[in-house]
Amino acid sequence: MDRIRIVGGNPLNGTIPISGAKNAALPLMIAGLLTDEKLVLENVPRLADVSQLQRILGNHGIDITVNGKRRGDDAYAGQTLEIDARVIVDTTAPYELVSKMRASFWVIAPLLARMGEAKVSLPGGCAIGTRPVDFHLDALRALGAEIEIDAGYVLARAPKGLKGARIVFPKVSVGATHTALMAASLADGETIIENAAREPEIVDVADCINAMGGRVEGQGTSTIRVVGVPRLKGARHSVLPDRIETGTYAMAVAMTGGDVLLSGARADLLESALDTLREAGAEITVSNEGLRVKRNGAGISPVTVTTEPFPGFPTDLQAQLMALTTRARGTSRITETIFENRFMHVQELARLGARIHLDGETATIEGVERLKGAPVMATDLRASVSLVIGALAAEGESMIHRVYHLDRGFERLEEKLSACGAEIERLAG
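According to my numbering, the sequence shown holds residues 997 to 1425 in order.
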């Protein structure tokens, strides 16, 4: 397994290009199953999860053409995928594929809506919490699907097609909102989705469905209205920039000090996180090019934050913020309300010298003057990048093990950071 070696202490200065959002690219790729025409997705990030989903969709007989960089393109330009789901040869998503990535469970919605049946393995994925699929299945049942669970598989049938309905989620769920939205787009009649997730990635998928001839309105609010259409057509859509990658690099600059332009970033996608960063002492300015993040001279101030569904502070930036607050001048508190079991980075940050006390879903972080490099181990995608942020500001050398977690969600991380002055390298094996 690859490792990443970091020698801390260098401020970050320069430009970091922000890639397309993984959390939008994956459901957008799955939405390609809704039509028998070509869906062309631009600005798709080069990530392990994207490659894995290509394999999963290929298992259904979907033809995906990857168009790489053209001459003159920026070195970090996203890739373009042409998704051709004219012929779906198999409506089964097997355990050995779905177990590697939770998001692939979402294929159940377009397969059921278009083909009238789907057999999808119950998911695996990240080690954070249980994240059950009940809300997904309840939404599909509301639309008229017959559902049974047998031997670890969900068997879903709608031989006469899906029918529009009112779906009320007891708790906000991004994944279940994606499922309901895709299924309703081809259902007969009107569907109202209440307590829907408001995340920008939901808006991006809804906008893409509309470009395909769908009728979705209210995306970005907690009530989404979908009028089903008999069929969707092909379209071209560009994946929105990754707000989690944006926030991650912004926190890295706040941690090390320096001045970095996050090119292509959009402030409207992470206002809550940017407010928290300003409170912590970072200077953030918005321009046509993206976001500029600076911290020169001033120390890091403590913050108190609770993770919430969008537009609140995102759970996917909780670990990164915790790394930042380890060097704050005072006591910070972070409460995690979205996922249980999402503090696995705490003991690894402690190896760098952080002082963190856990009490249920709240972490209390006593800022220390300095962190010291150490060998640490990544446990999940966001936790692994929090260790990178800690190591960038630690004295001496840190070695981060199990970095395959990073490759799932961050494109060319070590290249982007080293271009801004970080001493960081990937070591094979």
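In this text, a Cβ means the ideal position worked out from N, Cα and C, and glycines have one as well. From a predicted model like this one, the values you see are computed outputs, not experimental measurements.
For residue i, which option in the options has the closest C-alpha, if you only look at C-alpha atoms?
i            : options                   : result
residue 1356 : 1378, 1329 and 1381       : 1329
residue 1103 : 1053, 1271, 1146 and 1135 : 1053
residue 1137 : 1113, 1119, 1147 and 1148 : 1113
residue 1425 : 1408, 1407, 1419 and 1396 : 1396
residue 1115 : 1056, 1159, 1166 and 1082 : 1056
residue 1213 : 1074, 1177, 1003 and 1237 : 1177
residue 1361 : 1376, 1142, 1368 and 1345 : 1345
residue 1111 : 1287, 1101 and 1032       : 1032
residue 1278 : 1269, 1290, 1267 and 1268 : 1290
residue 1047 : 1097, 1088, 1332 and 1142 : 1097
residue 1174 : 1164, 1185, 1198 and 1184 : 1198
residue 1158 : 1140, 1128, 1296 and 1014 : 1140
residue 1206 : 1358, 1085 and 1222       : 1222
residue 1119 : 1334, 1132, 1109 and 1040 : 1132
residue 1228 : 1041, 1082 and 1409       : 1082
Give the DSSP bridge partners of residue i, in chain order.
i            : result
residue 1075 : 1040
residue 1397 : 1373
residue 1353 : 1360
residue 1233 : 1037
residue 1000 : 1396 and 1422
residue 1063 : 1076
residue 1194 : Paired residue(s): none; residue 1194 is not in a bridge.
residue 1239 : The partner list for residue 1239 (beta bridge, DSSP) is empty, contrary to what the question assumes.
residue 1258 : 1012 and 1287
residue 1211 : 1223
residue 1281 : 1288
residue 1031 : 1228
residue 1244 : BP columns for residue 1244 are empty, so no partner.
Under three-state DSSP, which class holds residue i?
i            : result
residue 1325 : coil
residue 1306 : coil
residue 1053 : helix
residue 1123 : Note that residue 1123 scores 45 on pLDDT, short of 50, meaning its location in the model is unreliable; the coordinates nonetheless yield the value given after this. Correct three-state label for residue 1123: coil.
residue 1012 : strand
residue 1047 : helix
residue 1382 : helix
residue 1089 : strand
residue 1275 : helix
residue 1367 : coil
residue 1311 : helix
residue 1288 : strand
residue 1199 : helix
residue 1330 : strand
residue 1347 : helix
residue 1225 : coil
residue 1098 : helix
residue 1266 : coil
residue 1407 : coil
residue 1220 : strand
residue 1414 : helix
residue 1301 : strand
residue 1022 : helix
residue 1058 : coil
residue 1084 : coil
Using a Cβ-Cβ cut-off of 6 Å (strictly less than) and excluding sequence neighbours within five positions of residue i, which residues of its own chain qualify?
i            : result
residue 1306 : 1194 and 1195
residue 1350 : 1322
residue 1254 : 1007, 1008 and 1009
residue 1076 : 1038 and 1063
residue 1022 : 1049 and 1099
residue 1011 : 1257 and 1259
residue 1162 : 1188
residue 1379 : 1315, 1340 and 1341
residue 1310 : none
residue 1372 : 1344, 1347, 1383 and 1396
residue 1298 : 1324, 1326, 1327 and 1328
residue 1331 : 1302, 1357 and 1358
So, for residue i: in the same chain, excluding its five sequence neighbours on each side, which residues have a beta-carbon less than 7 Å away from its beta-carbon?
i            : result
residue 1204 : 1024, 1027, 1231 and 1233
residue 1168 : 1191, 1193 and 1305
residue 1370 : 1347, 1348 and 1394
residue 1285 : 1257 and 1259
residue 1406 : 1241 and 1381
residue 1274 : 1280
residue 1368 : 1348, 1349, 1390, 1391 and 1392
residue 1308 : 1268
residue 1217 : 1194
residue 1144 : 1151
Leaving aside the five residues before and after residue i along the sequence, list all residues of the same chain whose C-beta is less than 8 Å from its C-beta, in chain order.
i            : result
residue 997  : 1397, 1398, 1399, 1400 and 1425
residue 1385 : 1244, 1247, 1248, 1251, 1316, 1319 and 1320
residue 1184 : 1157, 1158, 1159, 1160 and 1224
residue 1084 : 1029, 1056, 1057, 1058, 1107, 1110 and 1111
residue 1044 : 1400, 1403 and 1404
**Report entry** Start-end ranges of the alpha helix (DSSP H) lying completely within the stretch 1105 to 1186, minimum 4 residues
**Finding:** The stretch 1105 to 1186 contains these whole alpha helix (DSSP H) runs: 1130 to 1138 and 1170 to 1181.
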